[in-house]
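Residue 251 in the UniProt record's numbering sits at position 251 of the sequence shown, and the numbers go up by one each step.
Glycine is no exception: its CB is placed at the ideal position from the N, C-alpha and C atoms.
Structure record follows, encoded as structure tokens.
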Amino acid sequence: MSILIGAREMRAAEAAALAMPQNGQGALMERAGEAALGAVMTNWPELAGGQGRAAVVLCGAGNNGGDGYVIARHLAQAGWSVTLCAAGSGRSPPDAARARAAWERHGPVHPASKAPDALPDAALLVDAVFGIGLSRPVSGEMAQLFERIAEAGRADTFRRVAVDIPSGLDADSGRCHGACLPADLTVTFAAAKPGHYLASGPELSGRLVVADIGIDIGGAAVAARLAGPPAGLLKRGAHKFDHGHALVLAGGSGRGGAGRLAARAALRIGAGLVSLAPPPDALAENAAQLEAVMLRTLPDAAALTEWLAGDERINALCLGPGLGTDARAGALLRAALDAGRPTVLDADALTLLSREDAPFALLHEACVLTPHGGEFARLFPDISRTLGEVSAAPPGHDKLSAVREAAARAGCHVLLKGHDTVIAAPSGETWLSSAAYGRAAPWLATAGAGDVLAGLITGLLARGMQPLPAARDASWMHVSAALEFGPGLIAEDLERQVPAVLRALC
Ligand SMILES: NC(=O)C1=CN([C@@H]2O[C@H](COP(=O)(O)OP(=O)(O)OC[C@H]3O[C@@H](n4cnc5c(N)ncnc54)[C@H](O)[C@@H]3O)[C@@H](O)[C@H]2O)[C@@H](O)CC1
Ligand SMILES: Nc1ncnc2c1ncn2[C@@H]1O[C@H](COP(=O)(O)OP(=O)(O)O)[C@@H](O)[C@H]1O
Ligand SMILES: [K+]
């Protein structure tokens, strides 16, 4: 299982590692530099044995720069022609100063301004300016330098490796602070940082390699866990009623598509039975389009209350996709929440909720809210505003903390969508379901994809899963289904990929 460690925790782990005898005298930094270079040569084998090749190594004044001096020395020893440029000022920490002194026995240290001129002849750029020590926005001459280098990189004539994190990227939020150096490959140490996965992190990091250099992160507080292939999703015998009965509440005639998408997804992911409940005027439309999903009309909230009171086997509800925001929908929302059963609230249900005077008083812990950014902003305007801000000094307000705060305030589970979907429980437990790097699926951002996700979560709730793992595993399955289909995907295709994804889990 992969974990994400924030900058502050990582600095503490590094400090503890440095105090160990085997890591002293620059040994840890030496391993960091060697690991970064090893990853470069593994990813770009054509660069191995670089006799006669040129590299530009840009080093900051801190320990990230120290890693750069180590890399520069090894490159020079392997026959590379290295232009080393020092960016930034200030007193270097002891290991970085030692690494610089060792480099100076191989070659000169140039001013940073020399780097753009040297790039046209280079095969490799090493970005070792800032790592997790970025403490304010990049500005002034440094920002101009970053812009010139980023511009040169667009010509795609040299490879760009970032040491630990692309310089200027905030390790906690994944936001660019002032200016950034985009990379094709990022080699980080011990564990990925939230910023590698959130917001602009994946785009700026290129590919991501996590290298073990002997820093013990066993005791570090985890910022979030990364969702991976679910265990235990395959059915093992039993009757259909043992896999639960999901109920999707749908809207009126002509707007039933979203509810049907959710209902079919709930069935595909393994709910034993799924019922769709539109108002009477939508019966004919839905009857013409549904087979395995059961259909029962529901005129009003009283009918829902009566149905739920008489059928304990309905153990998961989904409200939102195509539900509408009229009086019937509002009353259904209240009646459904009163029933206290595991409930997914998406789309229109979130809009209705945000119109309530005291929305969070209506919710209970077995609710899962699945907003996109706009819906999140309506429900949690103050938290959402901080998400958009680039604070003067990192750490800014990152998506992990924002969703955690929202879940605590709502007293239920919150899943905030995106390529960096974050899921948090009211307890504070937080997961990140990523559609980046090897799992990038930008074609998933298509109309109706969210309805399918709501259905997948509802199906897993019906199967008896707790809300947090249900939301996490559904999210992973959702991205996997999109990857299985590939570009050109429309929402209808997603549910049909679920069997192939389930088979691959065997
Ligand atoms: N501590 C250690 O022993 C190890 C550290 N390692 C590396 O060290 C990095 C962390 O090192 P540091 O904590 O020294 O931090 P950094 O090297 O990331 O950055 C700190 C330096 O940047 C300056 N700075 C920060 N923001 C700036 C801005 N916006 N504009 C101009 N200057 C700015 C600071 O004044 C300081 O000089 C890690 O990312 C990793 O690459 C690795 O070598 C592993 C071992
Ligand atoms: N860049 C992206 N890469 C992968 N998935 C994405 C990306 N952007 C959005 N998504 C996903 O697409 C889905 C869109 O859902 P939503 O915004 O609710 O749309 P709709 O209401 O049309 O169904 C969500 O699951 C979201 O996580
Ligand atoms: K860097």
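- DSSP, reduced to helix, strand and coil, places Val293 outside both helices and strands of the structure shown, so it counts as coil.
- With 16 or more other CB atoms across the displayed protein chains lying within 10 angstroms of its CB, Pro230 is buried.
- Under DSSP, the beta-bridge partners assigned to Arg159 are Leu124.
- The C-alpha of Leu483 is placed about 34 Å away from the C-alpha of Ala336.
- In the displayed model, Pro111 falls within a strand according to three-state DSSP.
- In the structure shown, Val501 falls within a helical segment according to DSSP collapsed to helix, strand and coil.
- DSSP places His245 within a strand segment (E or B) once states are collapsed to three.
- For Phe360, there is no enclosing beta strand (DSSP E), as DSSP marks it with neither H nor E.
- Within its own chain, the residues whose Cβ lies closer than 8 Å to the Cβ of Thr305, once the five positions on either side in sequence are excluded, are Ala335, Asp338, Ala339, listed in chain order.
- According to the DSSP secondary-structure assignment, His413 is paired through a beta bridge with Val368.
- Ala13 and Ala445 have their alpha carbons spaced roughly 37 Å apart.
- Comparing alpha-carbon positions, the option among Leu169, Leu460, Tyr437 lying closest to Gly244 turns out to be Leu460.
- Excluding its 5 nearest sequence neighbours in each direction, Ile3 has C-beta neighbours in its own chain below 6 Å: Ala191, Val222, Arg225, listed in chain order.
- When the five nearest sequence neighbours on each side are left out, the beta carbons in the same chain lying within less than 6 Å of the beta carbon of Thr188 are those of Asp164, Val210, in order along the chain.
- Shortest Cα-Cα distance from Ala61 to any of Ser89, Val82, His74 involves Ser89.
- Apart from sequence neighbours up to five positions away, the residues of its chain that approach Thr83 with a beta-carbon distance below 8 Å are Ala54, Ala55, Val56, Val57, His110, Lys114, Ala115, Ala118, Ala122, ordered along the chain.
- The C-beta of Gln51 has fewer than 16 other C-beta atoms within 10 Å across all chains shown, which makes the residue exposed.
- The count of Cβ pairs closer than 8 Å, one atom from the segment 377–384 and one from the segment 151–163, stays below three, leaving the stretches out of contact.
- Leaving aside the five residues that flank Asp311 on each side, the residues in its chain whose CB is nearer than 8 Å to its CB run, in chain order, His245.
- Excluding five sequence positions before and after Trp476, the CB atoms of its chain that fall closer than 8 Å to its own CB belong to Ala227, Gly228, Pro229, Pro230, Ser433, given in chain order.
- Within the segment 446–486, complete alpha helix (DSSP H) segments of at least 4 residues are found at 449–462, 467–485, given in chain order.
- Ala112 is positioned such that its CB atom lies closer than 9 Å to that of Cys85.
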